[in-house]
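Q: In this text, residue positions in the sequence shown follow my numbering: the first is 12, and each later residue adds one.
By construction, the Cβ of each residue, glycine as well, lies at the ideal position given by its N, Cα and C atoms.
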Amino acid sequence: MNAFENVKRNVLNKLGKLSPDLTYHCTEHTLDVLEQSIRIAKEEGIENGDDLYLLKIAALYHDTGFLETYASHEKKSCELFLSDSEQYQLNDDQKNIVLNLIMSTQIPQKPHTLLERIICDADLDYLGRNDFFSIGDTLRKEFICFNIVRNDAEWNKLQLNFLRNHSYHTTSSQKLREPGKQLNYSKLL
């Protein structure tokens with residue numbers, strides 16, 4: 012088993028313990044972010060090597076903090092990554108890159124590097140896809156369960172505001188997902 016497969020197996024085992032109330036922030040979301048991170052990285056010219064390896068690790072860990080907390084889960088995700096990181100044989104610079112990648116997914120997103128822009132776009136890739144409404148419904152259910160919104164009217168207002176203020180950060184996502192995001196936004200009006 013290669014090094015990344017070991018990381019993936021470890022994280023997926025952890026994510027299997029997520030609350031069933033996390034209908035959006037679940038294993039499927041993490042695997043989608045991983046897949047989209049790889050796709051966007053390739054489109055942005057990163058196809059292998061250290062950068063891709065660290066990006067994939069961050070994609071797997073970015074929402075593990077939900078195992079312990081909802082608020083500020085990114086910080087907890089960083090703690091969980093650090094507690095596991097010794098077994099991955101990463102140096103301090105590599106660990107810091109992963110930590111910065113995880114923290115860059117915090118809303119509002121403020122990525123500084125290409126890798127941070129990639130993971131941010133991967134995390135919210137669905138905003139510009141055909142499955143936007145079905146995935147959005149899982150987030151609506153989660154937000155209602157955790158009292159972030161109380162009803163569909165609050166949810167719709169939140170969605171419209173979020174889409175209006177969101178921007179993709181990579182050239183490839185701006186080309187591929189922005190038109191779909193605008194279409195999804197118009198369907199909400």
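1. Under DSSP, the alpha helix (DSSP H) around residue 185 begins and ends at which residues?
2. Tell me which same chain residues have a C-beta within less than 6 Å of the C-beta of residue 63, skipping the five on either side of it?
3. Check whether the Cβ atoms of residue 9 and residue 44 sit closer than 8 Å, and answer yes or no.
4. Assuming the contact rule is C-beta atoms closer than 8 Å, residue 129 and residue 85 should be a hit. Round their C-beta distance to whole Å, please.
5. Grab the span of the alpha helix (DSSP H) containing residue 75 for me, first residue to last.
6. Residue 62 by DSSP, collapsed to three states: which one?
7. Is residue 27 buried or exposed, if buried means 16 or more other CB atoms sit within 10 Å of its CB?
8. So the candidates are 14, 75, 59, 194; which of them puts its Cα closest to the Cα of residue 30?
9. Could you spell out where the alpha helix (DSSP H) holding residue 164 opens and where it closes?
10. Please state the DSSP three-state secondary structure of residue 149.
11. Out of 54, 49, 100, state which residue places its alpha-carbon closest to the alpha-carbon of residue 13.
12. How would you write the range of the alpha helix (DSSP H) that residue 133 sits in, first residue to last?
13. Can you tell me whether residue 89 is helix, strand or coil according to DSSP?
14. Assess contact between the stretch 132-143 and the stretch 173-190, defined as three or more Cβ pairs (one per stretch) separated by less than 8 Å. Is contact present?
15. Would you tell me roughly how many angstroms separate the C-alpha atoms of residue 122 and residue 165, rounded to the nearest one?
16. What number of angstroms, rounded off, separates the C-alpha of residue 19 from the C-alpha of residue 149?
17. Terminal residues of the continuous alpha helix (DSSP H) containing residue 16?
18. Three-state secondary structure (DSSP) at residue 41?
19. Could you give the first and the last residue of the continuous alpha helix (DSSP H) run that contains residue 112?
A: According to the structure shown:
1. On the sequence shown, position 174 is the one that residue 185 refers to. Unbroken alpha helix (DSSP H) run through residue 185: 182-187.
2. For the purposes of this step, residue 63 is taken as residue 52 along the sequence shown, with counting starting at 1. So the list reads 52, 57, once near-sequence residues are dropped.
3. Coverage of the chain is limited to positions 12 through 200, which leaves residue 9 absent and any answer about it impossible.
4. As a position in the sequence shown, residue 129 is number 118, starting the count at 1. As a position in the sequence shown, residue 85 is number 74, starting the count at 1. Not a contact, Cβ separation roughly 16 Å.
5. In the sequence shown, the residue the question calls residue 75 occupies position 64. Where residue 75 is concerned, there is no enclosing alpha helix (DSSP H), given that its DSSP letter is neither H nor E.
6. Locating residue 62 in the sequence shown gives position 51, where the first residue counts as 1. In this structure, residue 62 counts as helix in the three-state DSSP scheme.
7. As a first step, residue 27 must be located in the sequence shown, where it is residue number 16. Flag for residue 27 reads exposed.
8. Position 19 of the sequence shown holds residue 30. Comparing Cα positions, the closest option is 75.
9. On the sequence shown, residue 164 is found 153 positions in, with the first residue counted as 1. It spans 163-176 - the alpha helix (DSSP H) in which residue 164 sits, taken as one unbroken run.
10. Along the sequence shown, one-based indexing puts residue 149 at 138. Three-state result, residue 149: helix.
11. Here residue 13 corresponds to residue number 2 of the sequence shown, with the count starting at 1. Of the candidates 54, 49, 100, the one whose C-alpha sits nearest the C-alpha of residue 13 is 100.
12. The residue you call residue 133 lines up with position 122 of the sequence shown. Here the alpha helix (DSSP H) through residue 133 covers 125-134.
13. The residue you call residue 89 lines up with position 78 of the sequence shown. The answer is helix: DSSP assigns residue 89 an H, G or I state.
14. yes
15. In the sequence shown, residue 122 corresponds to position 111, counting from 1. In the sequence shown, residue 165 corresponds to position 154, counting from 1. Taking the straight line from one Cα to the other gives about 28 Å.
16. Mapped onto the sequence shown, residue 19 falls at position 8. Mapped onto the sequence shown, residue 149 falls at position 138. In a straight line, the C-alpha of residue 19 is about 24 Å away from that of residue 149.
17. Numbered from its first residue, the sequence shown carries residue 16 at position 5. Where residue 16 is concerned, the enclosing alpha helix (DSSP H) stretches over 14-26.
18. The residue you call residue 41 lines up with position 30 of the sequence shown. Three-state DSSP puts residue 41 in a helix.
19. Here residue 112 is taken as the residue at index 101 of the sequence shown, counted from 1. Segment 103-115, the alpha helix (DSSP H) holding residue 112.
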